[in-house]
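Enquirer:
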Amino acid sequence: MILNFTLNNTPREVYTEQGENLRELLYRMGINSLRNSDDGYAFAGSDSILFNGKIVSSSLMIAAQVQGKDIKTVESLSKNGMLSPVQSAMVDAGVVQSAYNIPAAALILTDLLDRISKPTKEDIKDAMSGVFIRDSGYEQFYNAVDLAIKRKKDPKYKNTLPPEFRDDLKFVGKVKSKVDGAKLVKGERLFVEDRREQGSAVLKMLRSPHASAYIKNIDTSEALKIPGVETILTHKNTPDVWYTQAGQGFPEPSPYDRRLFGEKVNHVGDRVAAVVADTHKIADLALSKIKVEYEVLDHVMTIDEASAPGAPLIHNGEIFYRVGAPNDLEEQNLKFDTRDGKIKYPFPIGGNPRKNIAASVSGGIGDMEKGFAEADVIVEREYQPESHIQCTPLEMHSVYTKMDGDRLIMHCSTQVPFHVRRITASVLGISENKIQVIKERVGGGYGSKQDILLEEVCAFATHSTGRAIFHQYSRKEEFESCSTRKPMKIRVKLGAKKNGKLTGVYMDVKANAGPYGAHALTVPMNACSKSLPLFLCDNFGFDVTVFYSNASPTGAYQGYGAPKGSYALQMAAAELAKKLGMDPLEFLELNRVHEGSMLEILKCLGEGREGTAAPAESCGLGPALEQGAKMIQWGRKEKSNDPDVKIGKGVVIIQQGSGLPGLDQSNAMIKMMGDGTFMLFSGGADLGTGLDTVSVKMASETLQTEMDNVSILSGDTDNTPFDTGAYASSGTYFSGSAALLAAQDIKAKILEAASTIMDEPLENLKIQYPGKVVGKKDELTYTELAWHTQAGEGQGQLMGLGHFTTDKHAFPYGAHFAQVAVNKRTGAIKVQKYYALQDAGMPINPELAQGQIFGGVLKSIGHTLYEELVYDSKGRALNTDLRSYGVPMIGDVPEDFQVKLIHTDDPYGPYGAKSISEIATNGAAPVIANAIHDAIGIWMRKWPFTPESVLRELKKLG
Amino acid sequence: MITEVLKPASLAEALTLKDENNYYLSGGTQINWTPARAERKIKGKPSIEKVILVQDLLPKDIIKQDSDLFIGAGITLQELIDAPQTPEVLKKAAGLIASRNIRNMATLGGNIAANRPDSYIIPCLIALKAQIKITETKTAESVSMSLEDYISPKKNDLKNNLIEHIMLPRVEGVCLIDTALKSSAAYPAVIAAVRVSARDAVVALGCVSDHVIRLKEIEPNILDNSLSGDNLAAAVADLINPQSDLTGSIAYKKYISGSMVAHLVALSKKGA
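Each protein sequence line maps, in turn, to chains A and B. Sequence positions in the first sequence follow my numbering and run 1 to 958. Sequence positions in the second sequence follow my numbering and run 1001 to 1272.
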């Protein structure tokens, strides 16, 4: 049919099928901003449009509904490429992070301000009620609206709400527009899906309906006959190469226990076959024609089931070790089933697949027995953060692969472009110089894009067929076949003297790896390594055991293992304080780490290698606790007007790391352009967190030139130097430091070149804003310098290199306070106040730092109170959509939600900076649990804390 | 996938186009919504391929006639919230649909016709004693009936007809609605609407059966105060037969239904 309607103020005529989905039609018409985040559930709001002046979800509409109507999208907001007041306010308020559906939010807030000139907080909540934001939480949207109102009157109005740091610096620590903010908020073509070219094919996966089964037979012959089917991949025609999907530094502390397609499927949603076809429709038809005969096996889903004697084995293939094979390897390999394939350990990590153990480790310092013998009071408790939670990035996992001659080009939404290249090369059996990985803008990763979940399949398909291929997960696949934090059961034993001083601390962590062992050792170990060093004690001990199961795959999630370890240890500390009759805050103050404390426990907490004791060089816990206590009026008992509602308060302390000293590496390069501006090349992978902005600030501050004079290219394996990637809170500390070193390197070269040109000794010269070298006699602008150095007789283009490795730690710390209201009649929990006070050293991007903390806290509030993937008895996940899974929306934000940045100056971080993002996820579960106890006297030792679970603890459900 | 769209010029024409194989489409929040499509598949119903577009044909006005309020079935739930004539409790019910995007699309008539057990609107309208005016497809005649009758499984023959108006009579007493949610945008575990006056009491519950139910058995006891507080909660729990699902267990749904009803009744009697 011919359809006529007005699109962004222009009459349009388009040929379409009447029933075509409207979002798809508009995207086809060049409206880039409309995204699919939920496959027609209309929950995430990424598909929002203005339909005759009303905000609606375009994925719920068909083309015929817009005949004669007026449609507006975010593309209507920016005139001549300039941002509207709402858009610029959003960038400067810090809400534009990964930004997959930020254009939709911009349209919604524009509509709000058109309807209501001075909206209340409730009006803003109502407007944003149909938008799911995972990265920055929602709190800064209130600031964005306020700023937009002011900018409507004065376009240059500056955002004064976020704090700024260090008056002696121009860019670092200051509120500056995120370098990619404008293009993200405008909805430009920046994501993997936007790289698709005409004629490219699609890849779709046939996934296992069984939690555990052998593929007895697979027949693709009928499917291959369908016109438009390019190829079908199965275990019969793909390489017998075993690898780990974990995007970790090589050699990985993870077993190589999967291949592209196995003869055995290990979870519902495991790969069975992949169809490459011209269209989705053809691919779907082909999938329906593949005949698979399964031999269904018993399955295990939980830690208890997997660890039970005689439990079905997930991996019963032959076991290999690259180095350090255990003495009983021969015994372990006495019986194996070739259909299970292989398991290869790069080095020993305590695995025993014959007991479903993927990895294990034990350690400690001092004498645990003595420690507990000396204790006057002991608590021993088991905590069960055992629910399956998911990362839920708005942009579902995507990859686009194509050939350029004999080179494979991969457009990826990844946190680890260089690991993608290495693992893909290994799987395909080609060298790394034949692969280019380009990290596009990433619409949310949160750890799930640290692993190589689909890239290598698409790469193999392209490499073997020559076809350009696009592959994107469905939302269901995001839940069933993704990567996330491991469910855990943690037993904690604490001993203390009557005065509250700890004498012994022990953690026994059991984790559920799911079917494959990505991050098997390190995530559960991190539950110890990022929680135990918060306390000072002579006797620490821990045991970590990680079990395979047939539940959904696991890997990394923002915070790694720390949120679960922190939940268990901080809650146990509160329980111990209660038993001691001590105020929990007093207990924390008595036992906590201080600046300069030597952390002996780190000796036994290396990430797959030997650790070393290290000092806490900077620690802002003191001021964080002091300020937080004042803010929440610690010690004052609050009373509700509703007799059913009781109010309580909680406090916890948290920490994380800044990258992996001794394991991570970052590199950067900067070159001066012909006019004295700069191009910075960073291997770092900006996930929307603002890492590119950090890197540019490093260069601008060092070189005293405007940020607009420094452009950045990052995360491109051909064009930027190596970086281990964006994980383990490494961005600012590692990639930022590499950028700083590169800037310092070119600064030295600038001064040297200027010395020759200006004929002044080096010691007389200094760099001065704006972009010039000043001597005693004269000055030389960067523009003039570029002309000289790049002229026919010049010394050559000035370039700087930065290479950063370190063995020094920079621990970020924080204190979180919460006030909750619990309804004893309904079990409902309301987080009334949440104060996150965090020491990130020197916050390089204050507004983005705050946004990351808001986002991290809200994610973990979701994990604590609402989110859980639920399985049926056959191992099938029942709630594979965002709504029934339970992600938090703006209506779930604490009534009073504040973030305070505690400024410390770390001696090793760039400009004193430490990491910011992951640590924020460590506080919510224990602080809410402790506040609930303060309110109604129950300890919530199992996630999630639903109204039903509260009522059960209160013995109200019989 | 929808392959055919019929576009009548009038409601009368829309009625003539209706048959067993096509469906009225107004907002799209039911017809095009993935979960609704999946439910059809699970129930063995054919996928919707043919629709009759009525988005611009249905009345959207709110008219007061004598003491009755007539609401056009085509009004969106957000328009219902924004209209000054709408009773506060109905505004609250519509507002329980967390997403403004959806409220801007979903129509009152569509919400009723979908007859979902987790409708916030239907329990509220039952408590308000709503009548609906439908036009019969075969005869093109207008018929009025109680909403309670319309949603009854016994009246499946009505489902092909087109809802035109919803009539709210003047009722006494305070009508209240509440729901039990894990999070602000979650699927509800239970929805309860209650109205108590000196002459009558109405209790309607959503999510505890395959359609919204009214608890007529206990309404007289509420009226004569023979059931209240914990006794009323226990009586409600005994009366219902909810299923365990992702929103909660049977025990939880029974408990929270009873607790909510008892609480709302107490508030309604206080004139909250």
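We put the CB at the ideal spot given by N, CA and C, even for glycine.
Expressed to the nearest angstrom, what Euclidean distance is found between the alpha-carbon atoms of residue 53/A and residue 47/A?
Expert: Straight-line Cα distance between these residues: approximately 15 Å.
Enquirer: When you check each C-beta in the segment 1246-1263 of chain B against every C-beta of chain A, which residues fall closer than 8 Å?
Expert: Taking 8 Å as the Cβ-Cβ cut-off against chain A, the residues of the segment 1246-1263 of chain B that qualify are 1246, 1248, 1249, 1251, 1252, 1255, 1256, 1259, 1260, 1263.
Enquirer: Whole angstroms are fine: how far does the CA of residue 787/A sit from the CA of residue 612/A?
Expert: Their backbone Cα atoms lie some 50 Å apart in a straight line.
Enquirer: Count Cβ pairs between the segment 576-596 of chain A and the segment 860-869 of chain A that sit closer than 8 Å; are there 3 or more?
Expert: No: the two stretches stay apart, fewer than three of their Cβ pairs being nearer than 8 Å.
Enquirer: Would you call residue 334/A buried or exposed, if buried means 16 or more other Cβ atoms sit within 10 Å of its Cβ?
Expert: So residue 334/A ends up on the exposed side.
Enquirer: With the cut-off set at 7 Å, would you say residue 287/A and residue 268/A are in Cβ contact?
Expert: No, the Cβ-Cβ distance between residue 287/A and residue 268/A is not below 7 Å.
Enquirer: Can you find the residues in the same chain that come closer than 6 Å, C-beta to C-beta, to residue 568/A, ignoring five residues on each side of it along the sequence?
Expert: The answer, listed in chain order, is 383, 490, 492.
Enquirer: Mind reading off the beta-carbon distance from residue 73/A to residue 25/A? Whole number of angstroms is fine, and I expect it under 8 Å.
Expert: So it is not a contact: roughly 12 Å between Cβ atoms.
Enquirer: Got a sec: which bits of the segment 34-55 of chain A sit with their beta carbon under 7 Å from any beta carbon on chain B, in order along the chain?
Expert: From the segment 34-55 of chain A, only 39, 40, 41, 42, 45, 48, 54, 55 have a Cβ closer than 7 Å to chain B.
Enquirer: Going by CA-CA distance only, name the one from 796/A, 323/A, 770/A, 754/A that's closest to residue 777/A.
Expert: Residue 777/A has its Cα closest to that of 754/A, out of 796/A, 323/A, 770/A, 754/A.
Enquirer: Measuring alpha carbon to alpha carbon, tell me which of 620/A, 686/A, 725/A ends up nearest residue 914/A.
Expert: Per the Cα distances, 620/A.
Enquirer: Please tell me whether residue 946/A has its Cβ less than 7 Å away from any Cβ of chain B.
Expert: Answer yes: the Cβ-Cβ gap between residue 946/A and chain B drops below 7 Å somewhere.
Enquirer: How would you label residue 343/A, buried or exposed, when you count the other beta carbons within 10 angstroms and need 16 or more for buried?
Expert: When all chains shown are included, residue 343/A counts as buried.
Enquirer: With a 10 Å radius around its C-beta and 16 neighbouring C-beta atoms as the bar for buried, classify residue 368/A as buried or exposed.
Expert: When all chains shown are included, residue 368/A counts as buried.
Enquirer: List the residues of chain B whose Cβ lies closer than 9 Å to the Cβ of residue 879/A, in chain order.
Expert: By Cβ distance, chain B contributes 1246.
Enquirer: Can you tell me the Cβ-Cβ gap for residue 448/A and residue 484/A, rounded? I've got them flagged as a contact below 8 Å.
Expert: Indeed they touch by this definition, with Cβ atoms about 6 Å apart.
Enquirer: Classify residue 1026/B as helix, strand or coil using the three-state DSSP reduction.
Expert: Coil, per DSSP.
Enquirer: Work out the CA separation of residue 232/A and residue 1182/B for me, nearest whole Å.
Expert: Roughly 43 Å between the two C-alpha positions.
Enquirer: Among 1249/B, 1176/B, 1191/B, 1187/B, which has the Cα closest to the Cα of residue 1269/B?
Expert: When each option's Cα is compared against that of residue 1269/B, the closest is 1176/B.
Enquirer: May I have the straight-line CA-CA distance separating residue 594/A from residue 917/A, to the nearest angstrom?
Expert: Each residue's Cα considered, the two are about 22 Å apart.
Enquirer: Of all the residues that make up the segment 889-904 of chain A, which are near chain B by a beta-carbon distance shorter than 7 Å?
Expert: Answer set for the segment 889-904 of chain A: 889, 891, 892.
Enquirer: For the segment 1090-1124 of chain B, list every residue whose C-beta sits within 7 Å of some C-beta in chain A, in sequence order.
Expert: Taking 7 Å as the Cβ-Cβ cut-off against chain A, the residues of the segment 1090-1124 of chain B that qualify are 1098, 1099, 1100, 1101, 1102, 1104, 1105.
Enquirer: For residue 542/A, does the three-state DSSP call read helix, strand or coil?
Expert: Residue 542/A falls in the strand class under three-state DSSP.
Enquirer: Is there contact between the segment 682-701 of chain A and the segment 556-565 of chain A, where contact requires at least three CB pairs shorter than 8 Å?
Expert: Touching, no, given that fewer than three Cβ pairs across the two stretches are closer than 8 Å.
Enquirer: With a floor of 4 residues, list each alpha helix (DSSP H) that falls wholly inside the segment 319-385 of chain A, ordered by position along the chain.
Expert: You should have 329-332, 368-374.
Enquirer: Under a CB-based cut-off of 7 Å, is residue 1241/B close to chain A?
Expert: No, no contact with chain A.
Enquirer: Give the straight-line distance between the Cα atoms of residue 862/A and residue 895/A, rounded to the nearest whole angstrom.
Expert: In a straight line, the C-alpha of residue 862/A is about 15 Å away from that of residue 895/A.
Enquirer: Fully enclosed by the segment 375-444 of chain A, which alpha helix (DSSP H) runs are 4 residues long or longer?
Expert: Segments of the alpha helix (DSSP H) lying fully in the segment 375-444 of chain A: 417-428.
Enquirer: Candidates 194/A, 8/A, 928/A, 792/A: which alpha carbon is nearest residue 857/A's?
Expert: Selected option, being the one with the closest Cα: 928/A.
Enquirer: Taking the C-alpha atoms as reference points, what is the distance between residue 689/A and residue 102/A?
Expert: Near 14 Å, if we compare the C-alpha coordinates of residue 102/A and residue 689/A.
Enquirer: Measure the C-alpha to C-alpha separation of residue 1004/B and residue 1115/B and round it to an integer number of angstroms.
Expert: Approximately 24 Å, taken between the alpha carbons.
Enquirer: For residue 705/A and residue 770/A, which I take to be in contact (beta-carbon distance under 8 Å), what is that distance rounded to the nearest angstrom?
Expert: Their Cβ separation, rounded to whole angstroms, is 6 Å, which keeps residue 705/A and residue 770/A in contact under 8 Å.
Enquirer: Mind listing the chain A neighbours of residue 1035/B? Cutoff is C-beta to C-beta under 9 Å, in chain order.
Expert: Here the neighbours are 40, 41, 881, 883, 884.
Enquirer: In the structure shown, what three-state DSSP assignment does residue 892/A receive?
Expert: Reduced to three states, the DSSP call for residue 892/A is helix.
Enquirer: Using C-beta distances below 7 Å, list every residue in its chain close to residue 718/A, excluding the 5 sequence neighbours before and after it, in chain order.
Expert: Cβ within range, chain order: 436.
Enquirer: Tell me, please, whether the segment 356-365 of chain A touches the segment 537-556 of chain A by the rule of three or more beta-carbon pairs shorter than 8 Å.
Expert: Because the criterion of three Cβ pairs below 8 Å is met, the segment 356-365 of chain A and the segment 537-556 of chain A touch.
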